[in-house]
Amino acid sequence: LELSSPHPAESKCVVTLKSSERGWESNTNICDRMPRASGEGLLPDCDPRRQTTGLEKPAYRKRKNKGLLRFSEILFLRLAMIYLRNIFSGTRLAKSAFRFLSCGKMSEALIAVCQMRSESNTEKNWKTCEYLMRTARDRAARMVFFPECFDYMEMSRRESVENALTEDGEFIGRFRSLAKELDVWVSLGGFHEKCNQDSKRVYNSHLIIDSSGNVVLKYRKLHLFDVDVPNEVSVRESDYTLAGEHIPPPVGTPVGMLSASTCYDLRFPELCRIARQRGAEILCFPSAFMINTGMAHWEVLLRSRAIDYQCYVVAAAQFGKHNEKRSSYGHAMVVDPWGNVVAQCSNTEPSLCFASIDLPFLQTVRKRLPVMDHLRQDLYRTATVCERLDPHLGKESYAFAEKVIPKSCVFYSTRLTYAFVNRKPVVEGHVLVAPQRCVTKLSMLDAEEVADLFMCVQEIERTLEKFYGLSSSTVCLQDGPDAGQTVKHVHVHVLPRRRNDFTENDDVYVALERHDKDPSDNSWRSVEEMSKEAAVFRNLFYQRQ
107 LELSSPHPAE SKCVVTLKSS ERGWESNTNI CDRMPRASGE GLLPDCDPRR QTTGLEKPAY
167 RKRKNKGLLR FSEILFLRLA MIYLRNIFSG TRLAKSAFRF LSCGKMSEAL IAVCQMRSES
227 NTEKNWKTCE YLMRTARDRA ARMVFFPECF DYMEMSRRES VENALTEDGE FIGRFRSLAK
287 ELDVWVSLGG FHEKCNQDSK RVYNSHLIID SSGNVVLKYR KLHLFDVDVP NEVSVRESDY
347 TLAGEHIPPP VGTPVGMLSA STCYDLRFPE LCRIARQRGA EILCFPSAFM INTGMAHWEV
407 LLRSRAIDYQ CYVVAAAQFG KHNEKRSSYG HAMVVDPWGN VVAQCSNTEP SLCFASIDLP
467 FLQTVRKRLP VMDHLRQDLY RTATVCERLD PHLGKESYAF AEKVIPKSCV FYSTRLTYAF
527 VNRKPVVEGH VLVAPQRCVT KLSMLDAEEV ADLFMCVQEI ERTLEKFYGL SSSTVCLQDG
587 PDAGQTVKHV HVHVLPRRRN DFTENDDVYV ALERHDKDPS DNSWRSVEEM SKEAAVFRNL
647 FYQRQ
């Protein structure tokens, strides 16, 4: 048995273990227990077991006796482990070999990555998916990854839109039921999701389903493939697909923290940086790459993302000729954080490849090359917009320093920011925007909180101006008591402005400083009045959801 593994410190280490003819046999059981993701090429390049083969290929001969190894074999294995640990102590090869020789069952971090050729026949595609899921679970995979367009691949845009599915429909329900039956997690890499607001377009939606059949993450493809080269090629995905509107955070799975994307998103590294900063360990790119771009860029892009952000990259793929108009490149694969292709599907369909996610190795790579610690965030930062959350579905109240804001008075919310109506507005539509975390100074917020706070301010200002038919607003932050801050919680005032609403334009700042200082003033609004206004504003932001 030959074990080989690339290692950051060495180009390649090879150890040959020999035993009697009856000791080791070439069989899939032994190969399955090898931690593939612990190094590319745990078997030689020429060995067809190195990259998992198509399902139609014959399995290797299995041992008839699945009982305990003979004493001589056990003694040999233990001696081999001692030898490896002494000679290659601390190296990736030694750890991989030790795990392989000492384990009695598959790693719990095993994943299965699917390659398939979808057609217009949804029922036929389902049978292929079911077969792949059951086969993967027979090999003890904890999570199964399907490619983009696993539901169908139509010839025309019109048919793609007309046959769109819903998340709670019967087709997706089959996957949820099967995931529960098999006790396996599933990545459904992109289905045509019906959009109620636009009958001419669909969402390209990626679902993560847990082993109880629940959807734990929903990602809608953000970047749409629009290319128009005169007299050469014209492809406009946006003609029949709606782009997603937010970046969901990574979700915890049995194999690690997973961030979902889809196909063309692979070309936008900012998504991967955001995912890594949010704790991602696995980047998922289910795809249906065209043949010409796939040959040129597919593996290069996947390995680059793995190296740049020190994550495992999992890429299920469509393969082969779907119809007269469309063919896909295939080459579904898994790349480790050092950039090694540790598993890849054969050029057949359908097929599976398997890899075990080695999180200790991932942490070792990050520790030895801490690139994320070297980012010059004093010079550049990646700002993201947090997903909008309906305040009515969240907590019962919001803390505004020592004060309590009822959720009925809150009209906008994200993970980091919330906005509420004013108890004593200076002008009609005067609202407050504050971070969820209570701090007294703007400088106490981190970069993500600052970015989200002011991007929320932008959206709220734009929406209220449109609602009132105005073109101007005063946006003000009183940062500290000497600047007029009365509540010790950072907050931004947004005041929609009308022409001549003050005799002198700057009088708005005088009014803002004094409006809540007079204790004898009894013009404060009731919770009922504030709730009524908040309901109107809330509908401006959440009517599409």
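Here my numbering is used: the first residue of the sequence shown is 107, the next is one more, and so on.
Beta carbons: idealized from backbone N, C-alpha and C, even for Gly.
On a predicted model such as this, the values are computed, not experimentally measured, just so you know.
Query	Result
C-alpha distance - Pro356 paired with Phe608, whole-angstrom precision	48 Å
Buried or exposed (CB count within 10 angstroms, at least 16 for buried), Phe105	The displayed coordinates of the chain run from 107 to 651. Any statement about residue 105 would go beyond what the structure contains.
Nearest candidate by alpha-carbon position, reference Val532, set Pro602, Thr490, Tyr524 and Glu273	Pro602
CB of Leu522 within 8 Å of CB of Val539, strictly	no
With 16 other Cβ atoms within 10 Å as the buried cut-off, status of Lys513	buried
Separation of Leu216 from Ile388, as counted between CA atoms	13 Å
Validate contact between the segment 281-292 and the segment 245-260 using beta carbons, cut 8 Å, 3 pairs	yes
Sequence ranges, alpha helix (DSSP H) only - wholly within the segment 390-416, length at least 4	405-415
CA nearest to the CA of Asn446, picked from Glu455, Glu229 and Leu408	Leu408
Backbone secondary structure at Gly295 - three-state DSSP	strand
N-terminal and C-terminal residue of the alpha helix (DSSP H) that Tyr615 is part of	Asp613 to Arg620
Validate contact between the segment 253-267 and the segment 482-501 using beta carbons, cut 8 Å, 3 pairs	no
Integer-rounded CB distance, given that Ala525 should sit under 8 Å from Cys562	7 Å
Beta-carbon separation (whole angstroms), Asn231 vs Asp257, contact threshold 8 Å	6 Å
The segment 383-399 touching the segment 423-437, judged by at least three CB pairs closer than 8 Å	yes
Segments of 3+ residues assigned as beta strand (DSSP E) that fall wholly inside the segment 314-368	321-326, 332-335, 339-342, 357-359 and 362-366
DSSP-derived helix/strand/coil call for His595	coil
Enclosing alpha helix (DSSP H) for Tyr237 [first to last residue]	Thr228 to Asp244
Cβ pair Val219, Cys417 closer than 8 Å	no
Outcome for Pro456 when other beta-carbon atoms lying within 10 angstroms are tallied against a minimum of 16	buried
Residue of His329, Lys509, His536 and Arg263 minimising C-alpha distance to Tyr346	Arg263
CA-to-CA distance, Ala246 to Met212, given in whole angstroms	For Met212, the predicted model reports a pLDDT of 42, less than 50, meaning its position is unreliable; a value from the coordinates is still stated below. One C-alpha to the other measures close to 7 Å.
Integer Cβ distance of Leu238 from Asp304, believed to fall under 8 Å	About 32 Å; that fails the 8 Å criterion.
Simplified DSSP state of Arg650, which is helix, strand or coil	With a pLDDT of 49 at Arg650, under the threshold of 50, the predicted position of this residue should be treated as unreliable, though the coordinate-derived value follows. Three-state result, Arg650: coil.
Between the CA atoms of Glu619 and Pro375 - distance to the nearest angstrom	45 Å
Distance between Leu646 and Thr569 (C-alpha atoms, nearest Å)	7 Å
Residue burial classification, His480 (beta-carbon count within 10 angstroms, cutoff 16)	exposed
Ala540, enclosing beta strand (DSSP E) - first and last residue	Val537 to Pro541
Ala422 - DSSP class collapsed to helix/strand/coil	coil
Separation of Leu468 from Ser637, as counted between CA atoms	49 Å
Rounded straight-line distance, which links the Cα of Val440 to that of Met222	16 Å
Bridge partners - Val600, DSSP secondary structure assignment	Val537 and Val581
With 16 other Cβ atoms within 10 Å as the buried cut-off, status of Leu109	With a pLDDT of 36 at Leu109, under the threshold of 50, the modelled position of that residue is not reliable, and no figure is offered here.
N- and C-terminal bounds of the alpha helix (DSSP H) containing Ser514	Element bounds for Ser514: n/a, residue is neither H nor E.
Residue environment, Gly575, which counts as buried when at least 16 other CB atoms sit within 10 Å	exposed
Neighbourhood of Val633 by C-beta, 8 Å cutoff - its chain only, sequence neighbours within 5 removed	Pro512, Ser514 and Cys515
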